[in-house]
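Novice: In the numbering used here, the protein residues as written are 1279 to 1446.
Could you have a look at this structure, given as structure tokens, before my questions?
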């Protein structure tokens, strides 16, 4: 988490200049933005931004086209992962204040679920727990299955293989 990830973002003046060359700003957007000295100070609608990284305290950093800052500390209503860095996020602003962004969610590239096997990877280990049952995998290749009762059932051959097999 110590590394800082930054993405490029346009300043508000660059965005409005580019838009004004071609067409005036959308009246809906104009009514939702309160401007001061050519910069927005109040936004009353969700906008898209980019998750640029996390600070040392683990707080998300975002940028958006209406801010002059590349990395603004944001709050989030959803759990964020390191894999989400540089992805688009939906932002709203607390009381409309552009200095107080809140992440509502990460924009998904694919919303259609395709039925393919899922892989869970972790560098240190994975632990699944439910009541008194537990399945543990560690980085050294050890697998532990524990429970009050452990059953295996096969409709074909049930094989137990190992360099040494101990039963009881």
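Glycine included, each C-beta is placed from N, C-alpha and C at the ideal position.
Is the distance from the Cβ of residue 1339 to the Cβ of residue 1366 below 9 Å?
Specialist: Taking 9 Å as the Cβ cut-off, residue 1339 and residue 1366 do not qualify as a contacting pair.
Novice: In three-state DSSP terms, what is residue 1418?
Specialist: Three-state DSSP puts residue 1418 in coil, outside helix and strand.
Novice: In terms of residues, what are the limits of the beta strand (DSSP E) holding residue 1384?
Specialist: From DSSP, the beta strand (DSSP E) with residue 1384 extends over 1379 to 1384.
Novice: At the level of alpha carbons, what is the spacing between residue 1445 and residue 1349?
Specialist: Spanning the two alpha carbons is a distance of roughly 58 Å.
Novice: Rounded to whole angstroms, what's the CA-CA distance from residue 1404 to residue 1415? Just pull it up for me.
Specialist: For residue 1404 and residue 1415, the distance between alpha carbons rounds to 5 Å.
Novice: Apart from the five residues on each side of it in sequence, which residues of its chain come closer than 7 Å, Cβ to Cβ, to residue 1337?
Specialist: Here the set comprises 1351.
Novice: Specify the secondary structure class of residue 1282 as computed by DSSP and reduced to three states.
Specialist: Only weak support exists for where residue 1282 lies, its pLDDT of 40 falling under 50; the coordinates are left without a value.
Novice: For residue 1344, count the other beta carbons within 10 Å of its own beta carbon; 16 or more makes it buried, fewer makes it exposed. Which is it?
Specialist: Residue 1344 comes out buried.
Novice: Sort 1395, 1436, 1378 by Cα distance to residue 1324 and report the nearest one.
Specialist: Residue 1378 is the option with its Cα nearest to residue 1324.
Novice: Report the residue from 1406, 1320, 1411, 1322 whose alpha carbon sits nearest the alpha carbon of residue 1425.
Specialist: Selected option, being the one with the closest Cα: 1411.
Novice: Just verifying my parser: in three-state terms, what is the DSSP assignment at residue 1372?
Specialist: The answer is helix: DSSP assigns residue 1372 an H, G or I state.
Novice: Which whole-angstrom value is the C-beta distance of residue 1397 and residue 1381, which I expect to be below 8 Å?
Specialist: So it is not a contact: roughly 26 Å between Cβ atoms.
Novice: Just to confirm the assignment, what range does the beta strand (DSSP E) spanning residue 1341 have?
Specialist: Per DSSP, residue 1341 belongs to the beta strand (DSSP E) from 1338 to 1342.
Novice: So, helix, strand or coil for residue 1289, using DSSP?
Specialist: Its pLDDT being 38, under 50, residue 1289 is placed unreliably in this model, and the coordinates cannot settle the point.
Novice: Determine whether the beta carbon atoms of residue 1389 and residue 1368 lie at a separation below 9 Å.
Specialist: For residue 1389 and residue 1368, no; Cβs fall outside 9 Å.
Novice: Who are the Cβ neighbours of residue 1333 in its own chain at under 7 Å, not counting the five residues just before and after it?
Specialist: Only 1339, 1351 meet the Cβ criterion.
Novice: Kindly indicate which three-state DSSP category residue 1358 falls into: helix, strand or coil?
Specialist: Of the three classes helix, strand and coil, the one that applies to residue 1358 here is coil, per DSSP.
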